[in-house]
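Asks: Pasting a structure below so you can have a look.
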Amino acid sequence: MRKLRRLPLRLVKPKDDEEDFFHRPGDMPGTIIIDADAPAPIIFLIDYNKTDVVHKQLNTPEECAPYLDKESVTWVDVQGLGSADILERLAKVFDLHPLVLEDVVNVPERPKIEDYDDQLVIISRMVVPKERVCGFYSEQVSLVLGKYYLLTVQEEPEHDCLEGVRSRIDKGKGIIRSSGADYLAYTLLDAIIDGFFPVLELYGDHIEELEEEVIVNPTPKTLQKIYKIKRELLQLRRAIWPQRDAINSLIREGNDLISDEVRIYLRDCYDHAVQVMDMVETYRELASGLMDVYLSAVSNRMNEVMKFLTVMSSIFIPLTFVAGIYGMNFDTEKSPWNMPELQWYWGYPLCLAVMGTIAGGLIFVFWQRGWFENFSKINQK
Amino acid sequence: MRKLRRLPLRLVKPKDDEEDFFHRPGDMPGTIIIDADAPAPIIFLIDYNKTDVVHKQLNTPEECAPYLDKESVTWVDVQGLGSADILERLAKVFDLHPLVLEDVVNVPERPKIEDYDDQLVIISRMVVPKERVCGFYSEQVSLVLGKYYLLTVQEEPEHDCLEGVRSRIDKGKGIIRSSGADYLAYTLLDAIIDGFFPVLELYGDHIEELEEEVIVNPTPKTLQKIYKIKRELLQLRRAIWPQRDAINSLIREGNDLISDEVRIYLRDCYDHAVQVMDMVETYRELASGLMDVYLSAVSNRMNEVMKFLTVMSSIFIPLTFVAGIYGMNFDTEKSPWNMPELQWYWGYPLCLAVMGTIAGGLIFVFWQRGWFENFSKINQK
Amino acid sequence: MRKLRRLPLRLVKPKDDEEDFFHRPGDMPGTIIIDADAPAPIIFLIDYNKTDVVHKQLNTPEECAPYLDKESVTWVDVQGLGSADILERLAKVFDLHPLVLEDVVNVPERPKIEDYDDQLVIISRMVVPKERVCGFYSEQVSLVLGKYYLLTVQEEPEHDCLEGVRSRIDKGKGIIRSSGADYLAYTLLDAIIDGFFPVLELYGDHIEELEEEVIVNPTPKTLQKIYKIKRELLQLRRAIWPQRDAINSLIREGNDLISDEVRIYLRDCYDHAVQVMDMVETYRELASGLMDVYLSAVSNRMNEVMKFLTVMSSIFIPLTFVAGIYGMNFDTEKSPWNMPELQWYWGYPLCLAVMGTIAGGLIFVFWQRGWFENFSKINQK
Amino acid sequence: MRKLRRLPLRLVKPKDDEEDFFHRPGDMPGTIIIDADAPAPIIFLIDYNKTDVVHKQLNTPEECAPYLDKESVTWVDVQGLGSADILERLAKVFDLHPLVLEDVVNVPERPKIEDYDDQLVIISRMVVPKERVCGFYSEQVSLVLGKYYLLTVQEEPEHDCLEGVRSRIDKGKGIIRSSGADYLAYTLLDAIIDGFFPVLELYGDHIEELEEEVIVNPTPKTLQKIYKIKRELLQLRRAIWPQRDAINSLIREGNDLISDEVRIYLRDCYDHAVQVMDMVETYRELASGLMDVYLSAVSNRMNEVMKFLTVMSSIFIPLTFVAGIYGMNFDTEKSPWNMPELQWYWGYPLCLAVMGTIAGGLIFVFWQRGWFENFSKINQK
Amino acid sequence: MRKLRRLPLRLVKPKDDEEDFFHRPGDMPGTIIIDADAPAPIIFLIDYNKTDVVHKQLNTPEECAPYLDKESVTWVDVQGLGSADILERLAKVFDLHPLVLEDVVNVPERPKIEDYDDQLVIISRMVVPKERVCGFYSEQVSLVLGKYYLLTVQEEPEHDCLEGVRSRIDKGKGIIRSSGADYLAYTLLDAIIDGFFPVLELYGDHIEELEEEVIVNPTPKTLQKIYKIKRELLQLRRAIWPQRDAINSLIREGNDLISDEVRIYLRDCYDHAVQVMDMVETYRELASGLMDVYLSAVSNRMNEVMKFLTVMSSIFIPLTFVAGIYGMNFDTEKSPWNMPELQWYWGYPLCLAVMGTIAGGLIFVFWQRGWFENFSKINQK
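Protein chains in written order, with the working numbering: chain W, 8 to 388; chain R, 8 to 388; chain Z, 8 to 388; chain B, 8 to 388; chain D, 8 to 388.
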């Protein structure tokens, strides 16, 4: 049951069951809470322009300060939320509003876009499909976009779907090297949204398997699987819905940090978010439909079981009664009316014939009503 | 199960199960993915004005270049997405934005309208009814409208519902020959939307058949059929809903490429899209209602089975008990109280009479409660 | 099943099952399709002003031309859609846009309002209650309002709820004779909307009957009736919803052909449309509730049947077992331990007493649990 | 069933089943329909200013004419709709638009606000809780607000929740005596909205009772009660929803007859309407939940019944079989293999021991699976 | 049942069952109703600026008058609604509109924001988790914000989640001491909204427990628990929904009393409200899903019970029949055809062999159909 348990909590609280990780009511705004299990932050820096790319792993947040005001695009990627000290120093270097730091650190936050004077903060949620089982890892990615830099903060260093972007920067594919930090932000957002498709693919396949299972061999396990799918799709919906809204408001309301060129690309990104949402909703409806089919299939099975019992009982109960009759001990000598059949020459064969006729008649009636039809097809394991 | 399996995937990924056909997260925007199974593109060109019509099948995309700037209307119809090279050359000839090419090639894309400076891109979805079975082929049709040309790209060369438009151009029926490319675009959109009606017709008929089946003879097959209908209507809804929105935004926001005259026609097209959506929703509600009726019918059947068992058991169990009594071996000689009935002159006939009375009484009770009523009507196959 | 079959199709396609009556994809806009079964059009003309009323049945559409430009109000009422020729000549006389003719003739069209330069086209749907059974006839009524004339086109000559309007014109009741064509259009619309009330009345009564039936004597027939109601209410909703929207847009957006005076009256008409919709929705919820009640009632019945079986079996099975014991043939002479009860003086009476005690105890247990309570009340036919 | 029948009809048609009370399609707008059963109108007049209050019961509508233009506030309260003559004379005195008279008289009308030039017409619906049973009386109250007067028309003289307002006028409590007719209108509206709370209170209590009943002792009666609640809440929703909208539009759009001061009070009234709606919706969801719980409880009960039957049958059927074996009449003398057990010294005791072991084993298995657990708790009446 | 009963009423009426605590229809606006059980109000005053903090418990409302116009921030916190006199004097000191006093005192009021000229009134609802059980205390907190003061009125002195704010004021943490009354109001609102998270945490954990229970061991208790969760989530939704709307309207419409700085913080508070709502909705859907799973699990169980009965009956009924045959008393001496088997040398062993074959065959059939599979897994307690 472990896997089932963890899932709905991922959007609610981090891993440790003992402590409270949500903001305690009455806490100062900007209070950050560090989960003892959280991995220590690792800081990567990529600084590039049309001609050069610098890759670095930084030891202290302060090391990235000199890059921030340069015209080259600086991408600072922090992975892990396990140190209040480092995160606060980072906030200082980037001059983050206390509320921004809170949003970035106190995961899970609802995906959203916040517009500060010279920074645009995008809280988003990234999903990465699990291998071999149908499920996904989910983590928060916060983007802080400045004029010449982009700061991204991920919950943990594993399960990342941004590798493609890094390689495009390295290889200088497309226009990424000649574009600004806003294009980089778009690229990452696009990668995050597109990261939902492989996850949905898994669910699509899983639903198909269940469609067969629910009709061919519905077991209580099937029920659990359907419920699990419904629950995880609910999570996906909660992750994608606000991201769509956020991207939409970014396109509509605009922002000085986002160029018109990039806005066109964001429209494409928005379309994909809508498509993800569409698929999530469709899968949810299919899962609900499966639940109905499951219930009906269970009813059908019970029907078949009942029919079997009824056929067996209905045939043998009258026969047993007839046998019971001739097992009675009425004294045949006291009266010619006391069970004279027992003395007949053809008594026993006649009795068997009567039983055979009763059984045959009942079987005919059942057959005529089609009760035997589904026995072979349905109840087979 | 093949047919069932394919359907929900058609809007998700192309035919091959082994490869991923969705945009990989982190891919460059504009990256196009060619499915190995996709048919090679065939390019048709129709160029017409009031007086002349030219029909041509082109070998290379470049051949259509000379037609594009002429004032005559040029319709380039590409069928099949199986060659990256040809599609990229096509994009060059038509000067398509990389995102447009991606939308056109990386099917399935959600239907939408994108407004580029001098091109209007309409992604739409065409459905064609299957023959003999209740189902449909679904493919993406992308329209790129320029001042004097219209480029359409279809997923595959089969299952096309645009033949009527081609014949109207040939025969010069109506005002199509004297109108511009925008009217042609409208005509195609209208044909695509109207193409939903014959498909819905199929489902309407199928639902009617099921309405009878579900009451007269509900089997597990019926359940599968209802689920299949619900699922395919879900697909139709996903196809028509965004098309309606797209057409509506086209009417409302306007565009230089669309004349006022054509906008009036688009209103009509919009009305039809709404009508399609209405019908889809109605059919979905009917299908949901059918599921309820199915469940009730199964319950009713079980009820009848139970009644039958109860009637049979309730009648014979007391009789068997009576027979059991007189089958006991108490020694009648040891005491006048030990089963004196066995020695009576009328013992056996009396015993049978008692049994008959019990059976008759029970049958009367059952008959009075109306338990026999539905036997003949319902359980009949 | 005929009646059931016809209903959902009325909004989908006309009567003939063999031909397709929907617009074929690719057809020219304005193409009209004539159903072979459609009754031939009959043309009535009423021309009136404050002082005079002229009634006429016309033979050709052209006969109404002289009336159209006169300041008196001219109401041309066409009933039946069975002749392409007449309808096209009519369109010529009234100078209809091809799309209008298509909307008017190719029924069923979704109710809507179209604003052409000097004509206002209202497509609406009229329902007329059936006599004696719960159901309704539904037909499309199209209104084309010009400055001095109103053209109405009905699908068929029967089942009309406009008689009251005609008589008001004749008798000069109210302000109709001194008002313009816009007031006449309002009057007809109002009559059409008010025509929904008697139909809903039928359904209200029918639902009440079913409420009793579903609890007192639920049969599979009941289920069919509930489903039929749900389905027909769905049709009514599809008919009234767009009419409400259409009237609303007419009030809000205004039109030169509609005077402010009449707009106040339209608000009243709009309120009635909303009231109809309210009632339809309420009835739909009641019908859904009935379905739940039905399912529960069937479950309850099965429960009672099961209880009966359980009571019968549980009482007699132990008794039969006891009788079986003393029917065994152990040789009482071989051992004093072999069924000595058979030799007892009070053996048989004691055995019967034991049986009576067992039966009494079980009956007491069942009675205490209240299992006998509902037998008399529920299962009664 | 009487009570059940009446309720849904109250919003549809008045008491008499034989006649049609809805507006006949084609009737002249403004046609009023008098129900033969409707009580004759009684006319009360209260005229007050800061210093004086006049109470009067009027015989003719014309008697109130002199008060209408005086600066003192005049409240004319008409109770009963049983006379076309009086109502039409009233309309003349107050100079009502024919549509207003229709709305006021042809109950039930949907609650709404109509803005005429110098009159504001508010159609609202008043509910009054029934005594001792859970239910309510519902009647239409129409308010016509003029500069110095307020006309209210109630369906019937009984069941009024406006007594508190009258007493406030008499006693001069609060600011009512020094305020205008608009404040009086607000006060009445507020009383009408607040009148929903005691009704909802009844339903809240009733739902609580049912929550216990549905778990402790679900019977078919319970089902009927739940359905009845759902149905009556549907009515309440239909009554309160449009009133909220009407009050909201009054606040937003404003009107010369309503002072800014009173508008603040209306906001409070609006909040209460929203609160009523909230409660109605909550109760509806609770009632739907109850239906689910009921269904589950019935299933649970059937489960217990089945378990009982299964336990009884499973224990005794094998025992009876064993007894049957030794009731066979194989001739023990013909062969030492023919039922030698019958001749054993310990044959019978051994046989009983075997039976006891079988029974004990089965009981152990059932006990281990927890089948005995719920017997005592659940099935108790 | 006590706990269950109390919950839905908390938002409807206070503790006493005998009296009516809602506003009686017709009551004067501003009428306040004091619950006899309500605790007497205790008044706390905190007055602070950058340098000083004054804590005081006041005896009379008038004591706080001197603080109100000073530039230091004055927070007057009233806990308990048990005295009309004190509350009215308080209203006088703070110059409250009668409607404000009514809203504050006549709990429960729907959360909302009212904008008076120089006061901003915020009605909100605070929830505090219960200890050890899954549940919450809910009370109304009203905030009246003036230029230099904030008045808060709580329903009762216990269960407060504002302690964190008080300690921040005392310790001078963050910017609270250097900010105005608007920041204090925001801080309290934020604490109230954040107070929903620990409550939701409880429900999240409880749902997880139920997910296991519903599959492993569904009992009628489980059903009650699911219903209780659904009902309490409904309450939470009713509490958070209007608060979100209120905060949103505060951000959008603005108010002179709220500085731009604080408005940024309110956006954060709004985001948390949305997150709470999201979680409530997700939990509600999970709870609904659980209900479905429960129903299916009960059906599955019944299925297993039925299978057990069927297996037992089907195996032994034919055997008992065979035993019955050879228990018949046909006279073997009258005819060689009368049960000659009884005289055979191997008669009895053969008979037993036949029975064994029948039983074995049936067991094989059941095993093949997988009927034995789920016995061990499912029915275990």
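We treat Cβ as the ideally placed atom computed from N, Cα and C, and that holds for glycine.
#1: With distances taken from CA atoms, which of W:R244, W:I247, W:L243 and W:Y277 is nearest R259 of chain W?
#2: Are any of the Cβ atoms in chain B nearer than 7 Å to that of L11 of chain Z?
#3: Jot down the residue ranges of each uninterrupted alpha helix (DSSP H) in the region 57-88 of chain Z, minimum 4 residues, whole runs only, in chain order.
#4: Are the C-beta atoms of G368 of chain D and some chain A residue less than 7 Å apart?
#5: Taking the continuous beta strand (DSSP E) assigned at D212 of chain D, which residues delimit it?
#6: Within 7 Å (strictly less), CB to CB, does G181 of chain W reach chain D?
#7: Should F323 of chain W be labelled buried (16 or more other beta-carbon atoms within 10 Å of its own) or exposed?
#8: Could you give the DSSP three-state label for S131 of chain Z: helix, strand or coil?
#9: So S149 of chain D is in the beta strand (DSSP E); what residue range does that whole segment cover?
#10: Kindly indicate if chain R contains any beta-carbon less than 7 Å away from that of P325 of chain W.
#11: Hey, I236 of chain D and M133 of chain D: beta-carbon distance below 7 Å or not?
#12: To the nearest angstrom, how far is it from the Cα of K341 of chain W to the Cα of M319 of chain D?
#13: Once you ignore the five residues that flank L169 of chain Z on each side, which residues in its own chain have a CB closer than 7 Å to its CB?
#14: Does any C-beta atom of chain D lie closer than 7 Å to the C-beta of Y272 of chain B?
#15: Is it true that the CB of M335 of chain R sits closer than 7 Å to the CB of Q333 of chain Z?
#16: In angstroms, rounded to a whole number, what distance separates the CA positions of D54 of chain D and L209 of chain D?
#17: Kindly indicate which residue of D:Y155, D:Q350 and D:N224 has the alpha-carbon position closest to the one of S266 of chain D.
#18: Taking only three categories from DSSP, how would you classify Q161 of chain W?
#19: For L14 of chain R, does the three-state DSSP call read helix, strand or coil?
#20: Since I41 of chain D and Q64 of chain D are thought to touch, with beta carbons under 8 Å apart, how far apart are those beta carbons, to the nearest angstrom?
#21: The beta strand (DSSP E) with I247 of chain B in it runs from where to where?
#22: By Cβ distance, which residues of its chain are closer than 7 Å to L369 of chain B, with the 5 residues on each side in sequence left out?
#23: Could you check whether V100 of chain D and L52 of chain D sit closer than 7 Å to each other, using their CB atoms as the reference points?
#24: Between R117 of chain B and Q282 of chain Z, how many whole angstroms is the CB-CB distance? I'm expecting something under 8 Å.
#25: When you compare only the Cα positions, how much space is there between L152 of chain R and K77 of chain R?
#26: How do the region 293-309 of chain R and the region 215-234 of chain R stand: do at least 3 beta-carbon pairs fall below 8 Å, yes or no?
#27: At a CB-CB cut-off below 7 Å, which residues of chain B make contact with S303 of chain Z?
#28: Since D278 of chain Z meets chain B, which of its residues come closer than 7 Å, beta carbon to beta carbon?
#29: How about R139 of chain R: is its C-beta nearer than 7 Å to some C-beta of chain Z?
#30: Give a yes or no on whether 7 Å exceeds the smallest Cβ distance from M335 of chain B to chain D.
#31: Under three-state DSSP, which class holds D263 of chain B?
Replies: Result, derived from the coordinates:
#1: W:Y277
#2: Here L11 of chain Z scores only 28 on pLDDT, less than 50, and its place in the model is too uncertain to base an answer on.
#3: DSSP runs (the alpha helix (DSSP H)) wholly in the region 57-88 of chain Z: 72-75.
#4: Any reference to chain A falls outside this structure, whose protein chains are W, R, Z, B and D.
#5: Where D212 of chain D is concerned, there is no enclosing beta strand (DSSP E), although the alpha helix (DSSP H) it sits in stretches over F203 to V223.
#6: G181 of chain W does not count as touching chain D.
#7: buried
#8: strand
#9: F143 to L152
#10: yes
#11: I236 of chain D is not a Cβ neighbour of M133 of chain D, given a cutoff of 7 Å.
#12: Between the alpha carbons of K341 of chain W and M319 of chain D lies a distance of about 41 Å.
#13: L195 and A198
#14: yes
#15: Before going on, a small fix: residue 333 of chain Z reads as Tyr here, not Gln. A contact, by the Cβ cut-off of 7 Å.
#16: 36 Å
#17: Measuring from the Cα of S266 of chain D, the nearest candidate turns out to be D:Y155.
#18: strand
#19: Confidence at L14 of chain R is low in this model, with a pLDDT of 30, below 50, so its placement is unreliable and the value that follows should be read with caution. Residue state, collapsed to three classes: helix.
#20: Rounded, the Cβ-Cβ distance is 22 Å, inconsistent with contact.
#21: No beta strand (DSSP E) holds I247 of chain B; the alpha helix (DSSP H) holding it covers P227 to E260.
#22: S321 and I322
#23: No, Cβ-Cβ distance for L52 of chain D and V100 of chain D is not below 7 Å.
#24: 5 Å
#25: Each residue's Cα considered, the two are about 14 Å apart.
#26: With a cut-off of 8 Å, the region 215-234 of chain R and the region 293-309 of chain R count as touching, because enough Cβ pairs lie within range.
#27: Under the 7 Å cutoff, chain B gives L230, Y301, L302 and V305.
#28: R117 and K119
#29: no
#30: It does: the Cβ of M335 of chain B has a partner Cβ on chain D nearer than 7 Å.
#31: Coil, per DSSP.
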